[in-house]
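Trainee: As they're listed, the protein sequences go chains A and B. Per the working numbering, the first sequence starts with residue 2, numbered consecutively. Per the working numbering, the second sequence starts with residue 2, numbered consecutively.
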Amino acid sequence: AQKVTQAQTENSVVEKEDVTLDCVYETRDTTYYLFWYKQPPSGELVFLIRRNSFDEQNEISGRYSWNFQKSTSSFNFTITASQVVDSAVYFCALWGAQKLVFGQGTRLTINP
Amino acid sequence: ETGVTQTPRHLVMGMTNKKSLKCEQHLGHNAMYWYKQSAKKPLELMFVYNFKEQTENNSVPSRFSPECPNSSHLFLHLHTLQPEDSALYLCASSPVSQDTDTQYFGPGTRLTVL
């Protein structure tokens, strides 16, 4: 069965600190895709990144970076120099069994 | 309008009412989805349409009835709902329904059933 676990339900840091959100997944597929989405208070899920299982290179996009470790089935997300506008719920997701399976989400609060 | 839009954004209904949620995508996609997001639960996939054909019904109660008249529009018809159906209902679209395609979401409809 496909499963995504985001053990941190909530996380809170002070502005300008770095913060890492954890994501661990389970799948029997050899080819799969992982995603991160951001859900601000407005409700819309905003796509951040898609990574396929064959590409283990870490990715950086501005203040965002992702660390994909196939050996530990993890796909962690780091925000560097966090800002108040980064406050949102962040979801990790795995495409498996012909559908997108989401984790529970981590509510991130950036305090000024 | 661009992206995925949903109307209404908020809806309050009684258990005996009939209402419909509307989703429209302006991305030229061929797959559309309904998700339910309840408090403290992961997003739950409800329905998937590919090229206007329903390809997934994730054991959703019959009081929820989807309709996809064309690839750009998706409706969710609601009748005799229960208070536990109160949730954020999110619509999404993707080029087709497969693993290589990213799903893009609308802002959701916040539904309250009294």
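Positions of the beta carbon are idealized from the N, C-alpha and C atoms, including for glycine.
What does DSSP give as the partner residues of residue 9 of chain A in its beta bridges?
Mentor: Bridge partners of residue 9 of chain A: none, in fact.
Trainee: Going along chain A in order, which residues have a C-beta closer than 9 angstroms to the C-beta of residue 101 of chain B?
Mentor: 34, 51, 53, 96
Trainee: Distance, Cα to Cα, residue 48 of chain A vs residue 104 of chain B?
Mentor: 8 angstroms
Trainee: Consult DSSP for residue 70 of chain B and reduce its assignment to one of helix, strand or coil.
Mentor: strand
Trainee: In the DSSP assignment, what residue or residues form a beta bridge with residue 25 of chain B?
Mentor: Residue 25 of chain B is bridged by DSSP to B:6, B:74.
Trainee: Name, please, each residue of chain A whose Cβ falls closer than 7 angstroms to the Cβ of residue 106 of chain B.
Mentor: 45, 46
Trainee: Quick one: does residue 43 of chain B have its CB under 8 angstroms from some CB of chain A?
Mentor: yes
Trainee: Give me the chain A residues within the contact set of residue 89 of chain B, using Cβ-Cβ distance strictly less than 8 angstroms, ordered along the chain.
Mentor: 44
Trainee: When you compare the region 69–77 of chain B with the region 30–45 of chain A, are there three or more beta-carbon pairs, one atom per stretch, that lie closer than 8 angstroms?
Mentor: no
Trainee: Less than 8 angstroms between CB atoms is the rule here; does residue 29 of chain B satisfy it with respect to chain A?
Mentor: no
Trainee: For residue 114 of chain B, which residues from the same chain have a beta carbon less than 7 angstroms from its beta carbon, with the 5 sequence-adjacent residues on both sides left out?
Mentor: 14, 16, 82, 83, 84, 86, 87
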